[in-house]
Amino acid sequence: MKTYKELPKDAGSNIIGQVTAQANRISTRLASVKYTIAIMSGKGGVGKSAVTVNLATVLTLSGFAVGVVDADINGPTIAKMMGVRNTSLEYVESGVKPATTSLGTRVISMDLLLSDDDAPVVWNAHTQKDAFTWRPTMEVGALREFIGDTDWGELDFLLLDLPPGSDRLPNVVELIPNLSGVVVVTIPSDVSHLIVKKSITMARDILKVPIIGVVENMAFYVCQHCGEHEQLFSADDTSFQQITLGKIPFDPKLSLCNDNGTPYVHEYPKSLASKSISEVSQKIQDFFNI
Ligand SMILES: Nc1ncnc2c1ncn2[C@@H]1O[C@H](COP(=O)(O)OP(=O)(O)O)[C@@H](O)[C@H]1O
Ligand SMILES: [Mg+2]
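Just so we're aligned, residue 406 is where the sequence shown starts under this note's numbering, counting upward by one.
Next up, the structure:
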């Protein structure tokens, strides 16, 4: 494979022109969005997508216009969790129309572009090795197109559900330099906190992105027999207490709702977990003085 240094100038691709055009397209698109928030954590499986889906639903039910970008290109789950998996995307002159849930939340996900349940995202390249090396670059390219090509219309909030890994936020900040803030999701274990600390330092000190706060997911479990709150995990580390937006309990119904594509906060609005997610939503609004 030739490296870019061996190519004559840009080999006629006008790569800088292309990237600049797309960056301009993103900023034009996002001009109609009031607040863009990334939902992140260093680790997978802590509930980023579950929190994103329910937060988006609470904000929608509160009367805000909300969009969700499933930025987990290789492991997209948002379309399933929001019950829009079978939507065919509509392509219009102004771009792609996002899928819309029955409650009105707008969603764009790689999952909506894949044909079958078992179809993985395959990055085409000359060899597997090339595909592996280029994958992160291709992922950013796909995300750039997602955000740049989607006709969101006017939005109050655009939530980006990031894939696991603390290296993901820099890519997003490159695409969206004026990101409004970051919500970090963790579970109360020292292992998860360790990674989250790195993510927070990266966001706050290196990328200079406002940290809205930390959501502690699966914080406890309510015994179905005696109603006692029992710990699922136990962290000694209490360093996020000052910036905690809420503690969401583990609720088997929440997982079921995610699997069924029926947002939990809408199905069980009076539950403890729904109250906690509503508090998180309120604190986010307080953060932006709305
Ligand atoms: N508070 C919770 N109670 C019950 N199940 C949960 C809760 N939070 C997340 N889950 C479930 O845990 C699994 C992982 O959550 P997910 O949101 O996919 O994590 P991530 O996006 O961080 O990888 C999913 O099956 C989800 O439904
Ligand atoms: Mg996820």
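For each residue, glycine too, the CB sits at the ideal point set by N, CA and C.
Predicted, not measured: the structure shown is a model, and the values here were computed from it.
When DSSP states are grouped into helix, strand and coil, Ile581 belongs to the coil group. The three-state secondary structure of Gly509, taken from DSSP, is coil. Counting of Cβ neighbours within 10 angstroms places Glu621 among the buried residues, the total reaching 16 or more. When DSSP states are grouped into helix, strand and coil, Glu635 belongs to the strand group.
Less than 8 angstroms divides the Cβ of Gly553 from the Cβ of Arg434. For Lys680, the uninterrupted alpha helix (DSSP H) run begins and ends at 677-692, by DSSP. Of the candidates Phe625, Lys603, Gly509, Gln629, the residue whose Cα lies closest to the Cα of Glu559 is Gly509. With a cutoff of 8 angstroms on beta-carbon distance, Lys688 and Asp561 are scored as not near each other. Annotation: Ile653 to Gln636 spans about 12 angstroms, alpha carbon to alpha carbon. At least one heavy atom of ligand 1 lies closer than 7 angstroms to the C-beta of Gly449.
Around the beta carbon of Gly651, a 10 Å sphere encloses 16 or more other beta carbons of the protein chains shown; the residue is thus reported as buried. With a threshold of 7 angstroms, the Cβ atom of Thr482 counts as near ligand 2, since some heavy atom of the ligand is closer than that.
With contacts defined as CB atoms closer than 8 angstroms, Ser446 and Val587 fail to qualify as a contacting pair. Judged by pairs of C-beta atoms under 8 angstroms, the stretch 567-576 touches the stretch 472-485, as three or more such pairs exist.
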